[in-house]
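Residue numbering for the sequence shown follows this note's numbering, beginning at 7 and increasing consecutively.
For every residue, glycine included, the Cβ atom is placed at its ideal position computed from N, Cα and C.
Nothing here was measured: the structure is a model prediction, and the numbers come from that model.
The next block holds one structure in the form of structure tokens; read it before the comments.
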Amino acid sequence: MKSIIDILDFTVEELDELIATALDIIDNPNKYAHICDGKKLATLFFEPSTRTRLSFEAAMYELGGNVLGFSEANSSSAAKGESIADTAKTVSCYADIIAMRHPKEGAAFVAANNASIPVINAGDGGHCHPTQTLADLLTIRREKGRFNNLTVGLCGDLKFGRTVHSLINALSRYSNIKFVLISPEELKLPSYVKKDILQKNNIPYEQTTDLEAAMPKLDILYMTRVQRERFFNEEDYLRLKDSYILTPDKLKNAKSDLSILHPLPRVNEISVAIDNDPRACYFKQVLNGKYMRMALILKLLKEAGTI
Ligand code: NCD
């Protein structure tokens, strides 16, 4: 049973296939409107979400399927002390595929080991978030037309930002990628990501605290929110939350074809004055996420022999 816990669970070829399917869905939505008739997606969200959960739900509806699930831990038996393993076994009796978000790193892995249907990791703590990366990849493909020869700036909370960890994993397999890691000292990329991905694959990267100095060389700027819910104390959060605020002024020295991405939700990191700049791609990214989740559901259900 194939589940997706980490973006590296897919080969580069499989990611290409998913992108090709998503592009075909964009062009021919009717072709896909009934493929999942009668099938059910369970969305098990133990943590808040707007885009990820609703885009999974919209994706399944647009494929003709149905959705069941919960959107907070307190409304599930987790509040009574049920284990992730038992929840996964239970939901396997009701649904054909699971999308799960949980505050604990490794939760989706445990669910996948106990479910008899495919499990999709919709975010596990500060670890990873592979389906956001699918949205990011389709956005990069549509905006830039390529995954190689790119200088990618990642800015904000690189420590707890799971979308950043997954995106680095995904891009590490293409050629001539350079990363500029822009964060406050306290929110630097975890050393396991640096060692296991960047250093192991000889990927050039620099670390800086200075967004404006890095700006001129960037092809992509991936802004992130400071992850308040993963902090141990509120004081640190308050001190760090506004470390980077992208305003039109800060884009003065940016490339004219820069692509500005953000997984959203945005708090203060990007001024709304940027939203109408042609370089702002974050709402396109939202829509791309739905198409990629459609492609992903199709792939996993086909592999499971469900459709
Ligand atoms: C991200 C997440 O949940 O990690 N949101 C999302 O799924 N688009 C980013 C975040 O919460 O900051």
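*Environment of ligand 1 in chain order, Cβ to heavy atom below 7 Å*: Counting every residue whose Cβ lies closer than 7 Å to a heavy atom of ligand 1, we get S55, R57, T58, G129, H135, Q138, G167, R168, T169, T230, R231, Q233, P269, L270, P271.
*List the DSSP bridge partners of Y297.*
Among the bridge pairs identified by DSSP, Y297 is matched with none.
*Output the distance between the C-alpha atoms of G162 and R236, rounded to the nearest integer angstrom.*
14 Å
*Give the DSSP-derived three-state secondary structure of N207 in the structure shown.*
coil
*State the Cα-Cα distance for the pair L270 and T312, rounded to the nearest angstrom.*
32 Å
_Give me, in chain order, the residues of the same chain whose beta-carbon lies closer than 6 Å to that of V158; leave out the 5 immediate sequence neighbours on both sides._
F185, I226, listed in sequence order.
*Return the chain-ordered list of same chain residues with a C-beta closer than 6 Å to the C-beta of N214, the five sequence neighbours on each side being excluded.*
This sequence places Thr at residue 214; Asn is not what is there. Here the set comprises I188, A220.
_Contact the region 57-64 vs the region 82-89: 3+ CB pairs below 8 Å_ = Result no; under three Cβ-Cβ pairs closer than 8 Å.
_Same chain only: Cβ atoms within 6 Å of I13, ignoring 5 sequence neighbours per side_ = P136, T139, S172, N175, A176
*Below 8 Å between beta carbons: does that hold for K45 and G75?*
no
*asked:* According to DSSP, S172 sits in a beta bridge with which residue or residues?
replied: Per DSSP, none; premise fails for S172.
*Could you tell me which of I203, D255, V18, P210 sits nearest to L217, measuring between CA atoms?*
Of I203, D255, V18, P210, the smallest CA-CA separation from L217 is found for D255.
*Tell me, which residues are paired with F51 by DSSP?*
Residue pairing of F51 in beta bridges, as defined by DSSP: R107.
*Selected residue, minimal CA-CA separation from T145, among R272, L29, I104, N239*: L29
*From this set, A94, K8, E19, which residue's C-alpha is nearest L50's C-alpha?*
Out of A94, K8, E19, A94 has the C-alpha closest to the C-alpha of L50.
*Hey, S265 and K150: beta-carbon distance below 8 Å or not?*
yes
*Cα separation between Y180 and K8?*
24 Å
*Considering only the beta carbon of each residue, do L160 and L193 sit closer than 8 Å?*
Result no, Cβ atoms of L160 and L193 do not sit closer than 8 Å.
_Helix, strand or coil at M327 [DSSP, three-state]_ = Shown here, the chain extends from 7 to 313; a query on residue 327 therefore has no answer.
*Does the beta-carbon of H268 have 16 or more other beta-carbons within 10 angstroms, so that it is buried, or is it exposed?*
buried
_Residues of its chain near N294, where Cβ-Cβ distance is below 6 Å and the 5 sequence neighbours each way are ignored_ = A141, L144, T145.
*Looking at the structure shown, is K247 part of a helix, part of a strand, or coil, going by DSSP?*
coil
_Endpoints, alpha helix (DSSP H) assigned at N119_ = 113-120
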